[in-house]
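Only one structure is covered here, and it is reproduced in the block below.
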Amino acid sequence: MRITSSIAALASLVLVSACTEPVEDGPEPEETMMPVEPDGGIGDGATPLPELLGTAIPEALHGRWGLVPADCTSTRGDAKGLITIDAERIEFYESRAVVDEIEEQDTGMIRARFAFTGEGQEWTRDIEWRLSEGGATLTRSESGEDALEEPLSYTKCETEGE
Numbered sequence: 001m002r003i004t005s006s007i008a009a010l011a012s013l014v015l016v017s018a019c020t021e022p023v024e025d026g027p028e029p030e031e032t033m034m035p036v037e038p039d040g041g042i043g044d045g046a047t048p049l050p051e052l053l054g055t056a057i058p059e060a061l062h063g064r065w066g067l068v069p070a071d072c073t074s075t076r077g078d079a080k081g082l083i084t085i086d087a088e089r090i091e092f093y094e095s096r097a098v099v100d101e102i103e104e105q106d107t108g109m110i111r112a113r114f115a116f117t118g119e120g121q122e123w124t125r126d127i128e129w130r131l132s133e134g135g136a137t138l139t140r141s142e143s144g145e146d147a148l149e150e151p152l153s154y155t156k157c158e159t160e161g162e
């Protein structure tokens, strides 16, 4: 009888332990907070947090920009003042630049070190690109060695259908 009662006790213990939830050790996972708009809403109008922007050039600066009106309309390939900006790069007449290191940025501006390549050469420049209030003008200001002395102002090129 002793063996039978020991087996019954052991079976009871197994059943009780199978019915209880396991205890998990360790801290609770942390939640990632979502940015909110100034009015408390979530999402579409919120200014992106700098850490979410990464090294992308702000979308408000994307597009085609010319130093003079002819830069936007030339079909001869001689638009030396035309630049094209997307999230990854800035294309110039004979060179291109990518973000190397961001100093400051928001939705209408970026100040960063840009790595340039063109005509077999490589160089860097510290540049601030700032969009005007109305969004029609983009100002380029440089600092550091070999910087432009005066800021340059680019005008947004119209796209078909505008």
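Residue numbers (full-length UniProt numbering): 1 to 162. A virtual CB, placed ideally from N, CA and C, is assigned to each residue, including glycine. Predicted, not measured: the structure shown is a model, and the values here were computed from it.
Closest in C-alpha terms to C157, from the list L82, T75, A97, comes L82.
Approximately 29 Å separates the beta-carbon atoms of A136 and T124; this is outside 8 Å, ruling out the contact. DSSP places T73 in the uninterrupted alpha helix (DSSP H) bounded by 69-73.
The Cβ atoms of A87 and E101 do not sit closer than 8 Å to each other. In this structure, G120 keeps its C-beta atom at 8 Å or more from the C-beta atom of E94. The Cβ atoms of L67 and I110 lie no closer than 8 Å to each other. Judged by DSSP secondary structure, E150 falls outside any beta strand (DSSP E); it is assigned neither H nor E.
For L138, the enclosing beta strand (DSSP E) has its first and last residue at 137-143.
Bridge pairing for E91: T84, R96 [DSSP]. Note: D126 is bridge-paired with R113, S143 in the DSSP secondary-structure output. Counting every other CB atom within 10 Å of its CB across the protein chains shown gives D146 a total below 16, marking it as exposed.
For T155, the pairing in a beta bridge is given by DSSP as G66, T137. Within the model, the alpha-carbon separation for T73 versus G63 is close to 14 Å. In the structure shown, E104 falls within a strand segment according to DSSP collapsed to helix, strand and coil.
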